[in-house]
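Once you know that position 82 of the sequence shown is 82 in full-length UniProt numbering, the rest is easy, because the numbers rise by one and skip nothing. Presented below is the structure to which this report refers.
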Amino acid sequence: MALLEKTAALSVAYTAIDEDHAEFINLLNALDMATNADFPALFQHLYEHTEQHFERENVLMTRSAYAGITDHKAEHQRVLGEFKQFKSRVDKGLISFGRAFIKDRLPQWLVLHVTTMDTALATHLNNQPPS
Ligand SMILES: [Fe+2]
Ligand SMILES: [Fe+2]
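If you want it as C-alpha cells, here you go:
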C-alpha cells in the first residue's frame, strides 16, 4: 500500500500547485519503497523538489499580494529547516532517521499544510481578476 494516496480531498483546484503536490506524493511513496542504497539520492531529490515547490508558491503569493504571505512563507522555511536536519543525518549514512521523517512526519505535515495554508492560497489565486 502506498504511504500516501493522491485523493481528490488533497486537490486545491489550482493546477500548478496540485501538480507539485502530486509529485511530492510520488517521491514520498518511492522513498518509502526505496532500498537503503537508493534512499539518499531520492531523499536529496525530494528535498530539492520541495525547495522548488515552496519557491513557486512564494512567487505566486508575492505576485498576487497575498495577505497570508508572512505566515505561509515562514511555515515553508520552518519545514525546510527540519528537512535539512534530517538530510544531514541521511548524508552521514543514518538512513533510519530519514525513513522516520518520510513515514511519520512528512505525510501528516503535507495533508495538514495542503488542506489549510495551500487551500487558502489557491482560493485567493482563483478569486483574482484575470489580468
Ligand atoms: Fe504546497
Ligand atoms: Fe505551501
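We put the beta carbon where it would ideally sit given N, CA and C, even for glycine.
- Three or more beta-carbon pairs separated by less than 8 angstroms are not found between the segment 91-99 and the segment 117-126, which leaves the two stretches without contact.
- In this structure, the straight-line span from the alpha carbon of L4 to that of T70 is close to 28 angstroms.
- With respect to the C-alpha of L80, the residue from S64, T62, D38 and F101 having the closest C-alpha is F101.
- T35 carries a coil assignment under DSSP once its states are collapsed to helix, strand and coil.
- Cβ contact annotation for K103 (same chain, cutoff 7 angstroms, sequence separation greater than five): L3 and D32, in chain order.
- A16 sits in a helix when the DSSP states are folded into three classes.
- Y47 is a Cβ neighbour of K87, given a cutoff of 8 angstroms.
- A37 has its alpha-carbon roughly 46 angstroms from the corresponding atom of N127.
- G98 sits away from F54, with the two beta carbons spaced by 8 angstroms or more.
- Put simply, of Y66, L106 and Q77 the residue whose alpha carbon is nearest the alpha carbon of Q52 is Q77.
- Look at which beta carbons fall closer than 6 angstroms to any heavy atom of ligand 2; those residues are E57, H72, H76, H113, M117 and D118.
- Beyond the five residues adjoining it in sequence on each side, A34 comes within less than 8 angstroms, by CB distance, of L42 in the same chain, given in chain order.
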